[in-house]
Amino acid sequence: MAFTQRHLLGLEGLSAADITAVLDTAASFKEINERDIKKVPTLRGKTVINLFYESSTRTRTSFEIAAKRLSADTINVSASGSSVSKGETLADTARNLEAMRPDAIVVRHGSSGACNFLARHVTCPIINAGDGCHEHPTQALLDCLTIKEHRGEIAGLTVAIVGDLLHSRVGRSNVHALRALGAKVRLVGPPTLLPQEFAGLGVELHTRLADGVRDADVVMMLRIQRERQGRNYFPSVDEYAHYYCLTEDVVRLAKPQVIILHPGPLNRGLEISSAVADGPYSVIMNQVTNGLAVRMAVLYMLVARSKSVDVGETEALSEPARGRSGARA
Amino acid sequence: MTRLLVANGTLVDPVARTSAPADLLVEGERVAAVGAPGTLEAADATLVDARGLLVLPGLVDIHVHLREPGQEYKETVATGSAAALAGGFTTLATMANTNPVNDNGAVTQYVLERGRMVAGARVHAIGAVSVGLQGERMAEIGEMHRAGIVAVSDDGRPIMSASLMRHALEYTQLFGLPVIAHEEDDALCCGGVMNEGPTAVRLGLRGRPAAAEEVMIARDVALVELTGGHLHVAHLSTARGVELVRQAKARGLRVTAEVTPHHLFLTEEAVGDYDTNAKMAPPLRTRADVEALRQGLADGTIDAIATDHAPHHQDEKDCEFDEAAFGVVGLETALPLGLRLVAEGVLDLPTLVERMSVGPARILGLPAGTLAAGGLADLVLVDPERKWKVAARAFRSKGRNTPFEGWDVAGRALVTMVGGRILHDERAATPQLRVAS
Chain A
57 MAFTQRHLLG
67 LEGLSAADIT
77 AVLDTAASFK
87 EINERDIKKV
97 PTLRGKTVIN
107 LFYESSTRTR
117 TSFEIAAKRL
127 SADTINVSAS
137 GSSVSKGETL
147 ADTARNLEAM
157 RPDAIVVRHG
167 SSGACNFLAR
177 HVTCPIINAG
187 DGCHEHPTQA
197 LLDCLTIKEH
207 RGEIAGLTVA
217 IVGDLLHSRV
227 GRSNVHALRA
237 LGAKVRLVGP
247 PTLLPQEFAG
257 LGVELHTRLA
267 DGVRDADVVM
277 MLRIQRERQG
287 RNYFPSVDEY
297 AHYYCLTEDV
307 VRLAKPQVII
317 LHPGPLNRGL
327 EISSAVADGP
337 YSVIMNQVTN
347 GLAVRMAVLY
357 MLVARSKSVD
367 VGETEALSEP
377 ARGRSGARA
Chain B
3 MTRLLVANGT
13 LVDPVARTSA
23 PADLLVEGER
33 VAAVGAPGTL
43 EAADATLVDA
53 RGLLVLPGLV
63 DIHVHLREPG
73 QEYKETVATG
83 SAAALAGGFT
93 TLATMANTNP
103 VNDNGAVTQY
113 VLERGRMVAG
123 ARVHAIGAVS
133 VGLQGERMAE
143 IGEMHRAGIV
153 AVSDDGRPIM
163 SASLMRHALE
173 YTQLFGLPVI
183 AHEEDDALCC
193 GGVMNEGPTA
203 VRLGLRGRPA
213 AAEEVMIARD
223 VALVELTGGH
233 LHVAHLSTAR
243 GVELVRQAKA
253 RGLRVTAEVT
263 PHHLFLTEEA
273 VGDYDTNAKM
283 APPLRTRADV
293 EALRQGLADG
303 TIDAIATDHA
313 PHHQDEKDCE
323 FDEAAFGVVG
333 LETALPLGLR
343 LVAEGVLDLP
353 TLVERMSVGP
363 ARILGLPAGT
373 LAAGGLADLV
383 LVDPERKWKV
393 AARAFRSKGR
403 NTPFEGWDVA
413 GRALVTMVGG
423 RILHDERAAT
433 PQLRVAS
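Those protein sequences? They're chains A and B, same order as listed.
The numbering used here numbers the first residue of the first sequence as 57 and each following residue consecutively.
The numbering used here numbers the first residue of the second sequence as 3 and each following residue consecutively.
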């Protein structure tokens, strides 16, 4: 199936077909990561720049490994110690990187819309690895892949997303993806972190954890950023935990076969109890594994499409895998 | 003494609220006579043929940022004045947030001197309310008054101290100066970069709620009630804000208000794909707010259209949205946008001209904005049919930051005259007009 986008800036407005195309491709790539020699020549000779203005070991490592397993050359550029810390503007950074002719730039940035901005200044595909409070598309795609693997079709499922929705790019991307794929989405959080305007995206809003989790098929926890404390969104982390920590008692309100997701890193005992995080419903480690496959798929679909690449070779490698992993539920 | 006969045009009189064919005789720097076509005795006068044109009093913009001194890379009095003349404005009042801040008589004198040296549009200065715009100690308003300021304002920043605002409203009565207020509660705005609403939620941008403006207007109306001072609300942007001003006026309080063209035409959706040219403070709001602002302008609740012309360097806009500077330019687009309000039936033509000339002049007590005999011959001849496309690169302003780029508009100032001198003349660019000399 074809992916119609030139960049991956966000999931808003993406069709179910586009999202499914990425998920199917990712499922087919999973097999590569189980081999002894975890490398295919698909993106040989291609250069992928990881441009990280915010530190993120997890996401950056995942993108880097994904690129390397497809044989692309990867370069990591971080804001500290680079020309960025010497005052270079984002536009100039973009021009300089563009002059080095990369085949894709993976961007993590603290400002919402920074990836949209870069996409206007460079010709190669831009992949959003998290921009401000806007979107984190590959995280939502890996969440969708994980849900699909465990619960089959996403259409018809009830998914509760719990936490600081106001500041969550993971939350926003998931709302767009899950809605596009036909899930019922509930957002759950304290009124200070759950703007009423979210209702306009076709989701239910809940301020009580129990109401949000009741009969849910999937519960997705968001990380509470401790730096938000002191801005009066909630009085203390203790009080937040009292009302919004996902404990085993709360999980029992959900459907018996519920799965629990969390984008990490975990604040144990704050938004999720250790018993739940490490318990039988948790698929948190599957998310990490799937992150790799999703990022391989995104790189493949954007980079391989952008210039000549031996697609036939890749199809041959991935076709058999599709049959094996696609049907797992 | 030079004599000019502006003949064959349609005179729009903002005081009488009429629009009719008339001739106008200029002697020296003043209007000598206004009369029915062909009735004025002007044998020796130079003819300025205004056939097919509107003859308006020079427009008055009481809210501009000319950036001089200190930020001449964004704009100067000279470039701002040239932009004004091209846009049909003959009188400007420039805000105090320069570098150094206009919070003392020396800076006021400097700004006014620059205006005189440029010899373009008439430049008036607005002094700061507080020293360094810090919102703490009151600036020497009396000293600035002696130097010639026409109002005080910390514009760009709200006055968060209610006590300072109270004293400013009291003290300025000594000089008959209005306090122009930038009404946005800092704590509620809290780093916001656009309107708080569905678009901000979708884009993941921090919002500034409408209530941030409304609580400040409500507070200051209460302080006007306490003090009897003159509050002028700058760049009104919300429906509830319009209502608060309406109620204050109904109670007989000295409260006036202005609205910008961008708040009359654009909503928060103009931010679109993080377009920094739609980033300003107060932010673009909702369709309901736009409708309420238009209604308030039509019924006289809002006294003036002001541009809040805020030029920035390209680099200050070509960046991440939350890093970008607040503000847009407006001097060269205000007139055609105003005429669009007429075309859309929001205002009739004389009312539009009133809101862009004598209305704003009255707020600051300026002798501008009328066509009466004996008044200053500040005029603008407008071709209402002239269609053009907004292109920032053609602006006289150094600022290119317009949210109206590419808009098809109609109406253009062909001749702008200040004190009887033609300082802007685009007639040559319209060969279909016969130019007499």
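Where a beta carbon is used, it is the ideal one built from N, C-alpha and C, also for glycine.
Exercise. So, does the CB of B:D320 fall closer than 7 Å to a CB anywhere in chain A?
Worked result: Mapped onto the second sequence, residue 320 of chain B falls at position 318. Yes, because at least one Cβ of chain A sits closer than 7 Å to the Cβ of B:D320.
Exercise. On the three-pair Cβ rule with 8 Å, is the stretch 146–155 of chain A touching the stretch 118–127 of chain A?
Worked result: no
Exercise. Can a CB atom of chain A be found closer than 7 Å to the CB of B:F323?
Worked result: The residue you call residue 323 of chain B lines up with position 321 of the second sequence. So, interface residue.
For this session: Put A:S364 into one of helix, strand or coil per three-state DSSP.
Result: Start at 1 with the first residue of the first sequence, and residue 364 of chain A comes out as number 308. In this predicted model, A:S364 has a pLDDT of only 44, less than 50, meaning its place in the structure is not dependable; the value taken from the coordinates is given anyway. The answer is coil: DSSP assigns A:S364 none of H, G, I, E or B.
Problem set entry | Backbone CA spacing between B:D156 and B:G194 [nearest angstrom] | Taking the second sequence and counting its residues from 1, the one referred to as residue 156 of chain B is at position 154. Taking the second sequence and counting its residues from 1, the one referred to as residue 194 of chain B is at position 192. Computed Cα separation, rounded: 19 Å.
Problem set entry | B:G117 classed as buried or exposed, judged by whether at least 16 other C-beta atoms fall within 10 angstroms | To locate residue 117 of chain B, count along the second sequence from 1; it is residue 115. B:G117 should be labelled buried.
Exercise. Roughly how many angstroms lie between the CA atoms of B:I128 and A:R62, to the nearest whole one?
Worked result: In the second sequence, the residue the question calls residue 128 of chain B occupies position 126. In the first sequence, the residue the question calls residue 62 of chain A occupies position 6. Taking the straight line from one Cα to the other gives about 50 Å.
Exercise. Quick one: what's got a C-beta closer than 8 Å to A:G212's C-beta in the same chain, skipping five residues either side?
Worked result: Locating residue 212 of chain A in the first sequence gives position 156, counting from the first residue. Contacts found: G238, A239, K240.
Problem set entry | Against chain A: residues of the stretch 263–275 of chain B by CB proximity under 8 Å | D275
Problem set entry | Contact list for A:F108 against chain B, beta-carbon separation under 7 Å | One-based indexing of the first sequence puts residue 108 of chain A at position 52. Going along chain B, no residue has its Cβ under 7 Å from A:F108, so there is no contact; the nearest lies around 15 Å.
For this session: Tell me, please, whether the CB atom of A:T145 is closer than 7 Å to any CB atom in chain B?
Result: Here the question's residue 145 of chain A lines up with position 89 in the first sequence. So, interface residue.
Exercise. DSSP puts B:G302 in a beta bridge; with which residues?
Worked result: Residue numbering aside, residue 302 of chain B sits at position 300 when the second sequence is read from its first letter. Answer is none; B:G302 lacks a bridge partner.
Exercise. Using Cβ-Cβ distances below 7 Å, what residues of the stretch 160–177 of chain A are close to chain B?
Worked result: S167, S168, G169, A170, N172, F173
For this session: Could you tell me which chain B residues have their CB closer than 7 Å to the CB of A:H14, listed as they occur along the chain?
Result: Given a span of 57 to 385 for chain A in the structure shown, any question on residue 14 of chain A remains unanswerable.
For this session: Mind reading off the beta-carbon distance from B:L205 to B:Y276? Whole number of angstroms is fine, and I expect it under 8 Å.
Result: Position 203 of the second sequence, counted from the start, is the residue given in the question as residue 205 of chain B. Position 274 of the second sequence, counted from the start, is the residue given in the question as residue 276 of chain B. Their Cβ separation, rounded to whole angstroms, is 7 Å, which keeps B:L205 and B:Y276 in contact under 8 Å.
For this session: Run down chain B in chain order and give the residues with a C-beta less than 8 Å from the C-beta of A:D125.
Result: Along the first sequence, one-based indexing puts residue 125 of chain A at 69. First, the amino acid is wrong: residue 125 of chain A is Arg here, not Asp. Per Cβ cutoff of 8 Å: no residues; A:R125 is ~31 Å from chain B at best.
Exercise. So, is the C-beta of A:G66 closer than 7 Å to a C-beta in chain B?
Worked result: For the purposes of this step, residue 66 of chain A is taken as the residue at position 10 of the first sequence. A:G66 does not count as touching chain B.
For this session: Can you tell me the Cβ-Cβ gap for A:T263 and A:Y289, rounded? I've got them flagged as a contact below 8 Å.
Result: Residue numbering aside, residue 263 of chain A sits at position 207 when the first sequence is read from its first letter. Residue numbering aside, residue 289 of chain A sits at position 233 when the first sequence is read from its first letter. Not a contact, Cβ separation roughly 13 Å.
Problem set entry | Cutoff 6 Å; reference B:E318; Cβ partners in own chain excluding five residues on either side | Along the second sequence, read from residue 1 onward, the residue named residue 318 of chain B stands at position 316. Cβ within range, chain order: A327.
Problem set entry | Any alpha helix (DSSP H) of 4 or more consecutive residues that is wholly inside the stretch 343–427 of chain B | 351–358, 360–366
Problem set entry | Residue ranges of each beta strand (DSSP E) within the stretch 14–67 of chain B, 3 or longer | 20–29, 32–37, 48–51, 56–59, 61–66
For this session: Please list, in chain order, all residues of the same chain as A:A175 whose beta carbon is under 7 Å from its beta carbon, the five residues on each side excluded.
Result: Your numbering for residue 175 of chain A matches position 119 in the first sequence. Around A:A175: H63, L65, I182.
Exercise. In whole angstroms, what is the alpha-carbon distance linking B:L6 and B:M358?
Worked result: Along the second sequence, read from residue 1 onward, the residue named residue 6 of chain B stands at position 4. Along the second sequence, read from residue 1 onward, the residue named residue 358 of chain B stands at position 356. Approximately 24 Å, taken between the alpha carbons.
Exercise. With a CB to CB cut of under 7 Å and the five nearest residues on each side skipped, what residues in its chain are close to B:G209?
Worked result: Taking the first residue of the second sequence as position 1, residue 209 of chain B is located at position 207. Closer than 7 Å at Cβ, skipping near neighbours: G194, M196, N197, E198, G199, A202.
Exercise. Leaving out five residues before and five after A:V359 in sequence, what residues of the same chain have Cβ atoms less than 6 Å from its Cβ?
Worked result: Your numbering for residue 359 of chain A matches position 303 in the first sequence. Once the five neighbours on either side are set aside, the close Cβ partners of A:V359 are L99, K102, D159, A160.
Exercise. How is A:S71 classed by DSSP in three states: helix, strand or coil?
Worked result: Mapped onto the first sequence, residue 71 of chain A falls at position 15. Here A:S71 sits in coil by DSSP.
Problem set entry | Nearest-angstrom Cα separation, counted from B:T110 out to A:S112 | Taking the first sequence and counting its residues from 1, the one referred to as residue 112 of chain A is at position 56. Taking the second sequence and counting its residues from 1, the one referred to as residue 110 of chain B is at position 108. Computed Cα separation, rounded: 51 Å.
Exercise. Looking at the C-beta of B:G200, does it have a partner C-beta in chain A at a distance below 7 Å?
Worked result: Indexing the second sequence from 1 puts residue 200 of chain B at position 198. In the sequence as presented, Gly is not what sits at residue 200 of chain B; that position holds Pro. It does; some Cβ of chain A falls within 7 Å.
Problem set entry | Sequence ranges, alpha helix (DSSP H) only - wholly within the stretch 125–187 of chain A, length at least 4 | 146–155, 170–177
Exercise. How many Å lie between A:E191 and A:V231 at the Cα?
Worked result: If you number the first sequence from 1, residue 191 of chain A lands on position 135. If you number the first sequence from 1, residue 231 of chain A lands on position 175. Roughly 10 Å between the two C-alpha positions.
Exercise. Which residues mark the beginning and the end of the alpha helix (DSSP H) in which B:R124 is found?
Worked result: Counted from its first residue, the second sequence places residue 124 of chain B at position 122. Looking at the DSSP string, B:R124 is not in any alpha helix (DSSP H); the run it does join, the beta strand (DSSP E), is 124–129.
Exercise. Closer than 7 Å, CB to CB, is A:P251 near chain B or not?
Worked result: As a first step, residue 251 of chain A must be located in the first sequence, where it is residue number 195. Yes, A:P251 lies at the interface with chain B (some Cβ there is under 7 Å from its Cβ).
For this session: Can you give me the Cβ contacts of A:V162 inside the same chain, cut-off strictly under 6 Å, excluding the 5 residues immediately before and after it?
Result: Your numbering for residue 162 of chain A matches position 106 in the first sequence. N106, F119, I183, A185.
Exercise. Under the DSSP definition of a beta bridge, which residues are partnered with A:R242?
Worked result: Counted from its first residue, the first sequence places residue 242 of chain A at position 186. Partner(s): A:A216, A:E260.
Exercise. Just to confirm, are B:A308 and B:E260 a CB contact at a threshold of 7 Å?
Worked result: What you label residue 308 of chain B is simply residue 306 of the second sequence in a count that begins at 1. What you label residue 260 of chain B is simply residue 258 of the second sequence in a count that begins at 1. Yes, Cβ-Cβ distance for B:A308 and B:E260 is below 7 Å.
Problem set entry | Listed by chain order, chain A residues near B:D317 by CB distance under 9 Å | Numbered from its first residue, the second sequence carries residue 317 of chain B at position 315. Those are T145, A147, listed as they occur along chain A.
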